[in-house]
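In what follows, a single structure is set out as structure tokens and then discussed.
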Amino acid sequence: MKKWKVGFVGVGGIAKYAHMPGWKNLQGAEVVAVSDVREDVAKAFAKDFGIKNVFTDYNKMLEMDELEIIDICAPNMIHYPAAMAGFKAGKHVLSEKPLTVTPKHVQDMIDASKKAKKKLCSIQNHRFRAEAQVLKKMIDKGECGEIYYARAHALRRRLLPVAPTFIKKSLSGGGPCLDIGVHALDLTYWLMGHPKVRSVSGVALTKLAKREDIHGDWGEWDRKAYDVEDFAAGYVKFANGASLTLECSFLLNTKENEVFSAQVFGTEAGAYLPWGSPPEIYTEKNRTFMVKQLVGLPQVATHSEEIRLFLEAVDKNKEVPVPPEQTLEVIKILDGVYRSSKSGREVRFTK
Ligand SMILES: NC(=O)c1ccc[n+]([C@@H]2O[C@H](COP(=O)([O-])OP(=O)(O)OC[C@H]3O[C@@H](n4cnc5c(N)ncnc54)[C@H](O)[C@@H]3O)[C@@H](O)[C@H]2O)c1
1 MKKWKVGFVG VGGIAKYAHM PGWKNLQGAE VVAVSDVRED VAKAFAKDFG IKNVFTDYNK
61 MLEMDELEII DICAPNMIHY PAAMAGFKAG KHVLSEKPLT VTPKHVQDMI DASKKAKKKL
121 CSIQNHRFRA EAQVLKKMID KGECGEIYYA RAHALRRRLL PVAPTFIKKS LSGGGPCLDI
181 GVHALDLTYW LMGHPKVRSV SGVALTKLAK REDIHGDWGE WDRKAYDVED FAAGYVKFAN
241 GASLTLECSF LLNTKENEVF SAQVFGTEAG AYLPWGSPPE IYTEKNRTFM VKQLVGLPQV
301 ATHSEEIRLF LEAVDKNKEV PVPPEQTLEV IKILDGVYRS SKSGREVRFT K
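Going by full-length UniProt numbering, the letters in the sequence shown line up with residues 1 to 351, in that order.
Now the structure itself:
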């Protein structure tokens, strides 16, 4: 069996705890190289996992002819340049979320992937939870009827990720909108059947994160360096007449410590997909309310599952598990929230 040769760009937390276990599970792949701007981090990772080739510059790693796939686990703002360099060097590209931070750059990546005839895919691992997969199949078979409204929530009371990767705009591109909003939005948008985006209005605000009297359950962060929003909300209209609200925060004066959910509302039923409890479907039969609960579903290692499906797409030249054209619409929404917040106007998309 062919073993595809994989190299990492960035080997911090997510590479170590979610991606490496995914690749190690696969007979058809071998991680042969790592790159990280921190040599100590790259060397320690390579030692832990028995990887021979270590680089501090991913461009040098890309010169390796035997390398066929790159897996980008560096901060958000590195995804675009690393992916573009990857395609130029003739590699397939898997990247952590958000794929990148502007629709223009997503389109560039799609074009470069087509030109290079190599696969492009963003990790949106929540889609691969067993309950999300089951619910999606039910929705696609018509369980909810026509979906005309949806809600995506990624709301935290006091859970601010303290590392620069997430709170310095030069590395992250944005705050909760791009970090956790992208997960809830992608999940909800996919359940809706990924319609085309027509308009976005929204706000992105920094209200609590720079205050010394506000604490975080994940420890202290650099208040001065913090230059992204801590709360964002958006309202989206789609070409098929449906609409969606998105709400996300790292710090919010609310009851629950964390709410992560996707909700869709249709003409036959509504569906609620929370994190940590079973999904539910709400409908009416014989003038009586009904609640269906989906129980007994297995826990899935979602990164591993998406990596498995990505490798299958590369190996069999099939569609990737998260098509980048869907990611383009998701990034239009997130970028639209920022642009609308800045201009005070609705952002419209014509195509
Ligand atoms: N899907 C998920 O559940 C999930 C969870 C956490 C993080 N992420 C995403 O994964 C990415 C990394 O997050 P993390 O938590 O692992 O962060 P991290 O800070 O732990 O690791 C990032 C690593 O990238 C390295 N790096 C920085 N610039 C680089 C460059 N130019 N070239 C190579 N390496 C570089 C850093 O030195 C660091 O070791 C982010 O895009 C984040 O949004 C996804």
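For glycine and all other residues, C-beta sits at the position ideal for the given N, C-alpha and C.
- prompt: In the DSSP assignment, what are the bridge partners of V31?
  reply: Under the DSSP definition of a beta bridge, V31 partners with V6.
field: Backbone CA spacing between A301 and V41 [nearest angstrom]
entry: 24 Å
query: At which residue ranges does the UniProt domain "GFO/IDH/MocA-like oxidoreductase" (133–270) contain complete alpha helix (DSSP H) runs of 4 or more residues, listed in the order of the chain?
result: 164–167, 169–172 and 182–191
Distance between H19 and V32 (C-alpha atoms, nearest Å): 14 Å
Residues near A74 in its chain [Cβ-Cβ closer than 7 Å; skip 5 each side]: V9, G10 and A82
query: Whole alpha helix (DSSP H) runs in the region 278–351 with 4 or more residues, listed along the chain?
result: 302–316 and 324–343
- prompt: What is the DSSP secondary structure of residue 417, reduced to helix, strand or coil?
  reply: The displayed coordinates of the chain run from 1 to 351. Any statement about residue 417 would go beyond what the structure contains.
7 Å CB neighbourhood of V203 in its chain, flanking five on each side removed: A232, A233 and S341
message: On the DSSP letters alone, give me the boundaries of the alpha helix (DSSP H) that N125 sits inside.
response: Taken as a continuous stretch (DSSP letters only), N125 belongs to no alpha helix (DSSP H), as it is neither H nor E.
query: When the Cα of K91 is compared with those of Y58, T206 and G344, which residue comes out closest?
result: It is Y58 whose Cα lies nearest to the Cα of K91.
At least three beta-carbon pairs within less than 8 Å, the region 304–322 to the region 159–168: no
message: Determine whether the beta carbon atoms of T102 and D335 lie at a separation below 7 Å.
response: yes
message: Please report the straight-line C-alpha distance between E143 and C248, rounded to a whole angstrom.
response: 28 Å
message: Does the beta-carbon of E212, which I'm using as the reference point, lie nearer than 6 Å to any heavy atom of ligand 2?
response: For the structure depicted, ligand 2 is absent and the ligand set comprises only ligand 1.
field: Nearest neighbour of K114, chosen from V347, L252 and E325 [CA to CA]
entry: E325
- prompt: Can you name the start and end residues of the beta strand (DSSP E) that H79 belongs to?
  reply: Where H79 is concerned, there is no enclosing beta strand (DSSP E), although the alpha helix (DSSP H) it sits in stretches over N76 to K88.
DSSP three-state assignment for I14, whether helix, strand or coil: helix
- prompt: Apart from the five residues on each side of it in sequence, which residues of its chain come closer than 6 Å, Cβ to Cβ, to T245?
  reply: R151 and Y235
For A163 and W221, the rounded distance between their alpha carbons: Taking the straight line from one Cα to the other gives about 7 Å.
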